[in-house]
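In full-length UniProt numbering, the protein residues as written are 1 to 176.
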């Protein structure tokens with residue numbers, strides 16, 4: 001077994017990325033404090049051809065040196081926009097018939113392994129603040145909630161880790 005060289009990875013150019021069919025997922029980041037978390041989510045979004053990232057509230061926006069440190073250029077490929085109010089964003093997404101799902105631990109949540117995508121549907125995944133999670137008002141406005149099962153003593157994951165887990169699972173479903 002031999003590690004592949006960068007030249008062997010068939011990476012897309014920025015133009016090719018922008019022209020590519022996207023995975024019908026929108027990632028909504030609300031009040032994310034860590035610039036490294038934001039950059040990591042951009043990098044994950046690039047890896048799985050995510051349609052768009054919506055940054056809300058205090059979530060910082062590119063260009064930013066600290067975001068770039070972990071995004072490694074993904075802020076140039078992934079479409080993004082910023083809005084102040086996550087509740088308005090969720091309402092507008094629902095008006096566009098996009099299913100909104102908070103990624104949170106709530107009553108009546110669906111465990112990630114039990115969630116099945118409709119391949120004809122577009123989804124928006126709402127990720128919340130590192131300390132408080134998705135705001136209760138946002139949870140209440142969403143169409144549903146996906147929960148990542150956790151069995152240890154800690155019942156929280158870093159937001160960039162959560163995004164990677166959920167995006168990978170839904171990406172697999174869309175591409176099977």
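In this text, a Cβ means the ideal position worked out from N, Cα and C, and glycines have one as well. Just so it is clear, the structure is predicted and the values come from calculations on it, not from any experiment.
- Message: Closest to residue 141 by C-alpha separation, out of 86, 164, 119, 9, would be which residue?
- Response: Taking the first residue of the chain shown as 1, we reach residue 141 at position 141. Answer by Cα proximity: 86.
- Item | Distance, residue 5 Cα to residue 144 Cα | Position 144 of the chain shown, counted from the first residue, corresponds to residue 144. Position 5 of the chain shown, counted from the first residue, corresponds to residue 5. Between residue 144 and residue 5, the C-alpha separation is close to 42 Å.
- Enumerate in chain order the residues of its own chain whose CB-to-CB distance from residue 74 is below 6 Å, with the five nearest sequence positions on each side excluded. Looking up residue 74 in the chain shown gives position 74. These residues qualify, in order along the chain: 42, 43, 46.
- Message: What ranges does the beta strand (DSSP E) occupy inside the UniProt domain "tRNA/rRNA methyltransferase SpoU type" (25-167), keeping only unbroken runs of at least 3 residues that lie completely in it?
- Response: 50-56, 80-83, 99-103, 123-127, 144-147
- Query: What distance in whole Å lies between the Cβ atoms of residue 27 and residue 93, which are believed to be in contact at a cut-off of 8 Å?
  - Reply: The residue you call residue 93 lines up with position 93 of the chain shown. The residue you call residue 27 lines up with position 27 of the chain shown. About 12 Å separates the beta carbons of residue 93 and residue 27, which is beyond the 8 Å limit, so they are not a contact pair.
- Task: Tell whether a beta-carbon distance below 8 Å holds between residue 134 and residue 30.
- Result: Against the chain shown, residue 134 aligns to sequence position 134. Against the chain shown, residue 30 aligns to sequence position 30. The answer is yes: Cβ separation under 8 Å.
- Query: residue 39 to residue 80, Cα distance in whole Å?
  - Reply: Locating residue 39 in the chain shown gives position 39, counting from the first residue. Locating residue 80 in the chain shown gives position 80, counting from the first residue. When rounded, the distance between both Cα atoms is 12 Å.
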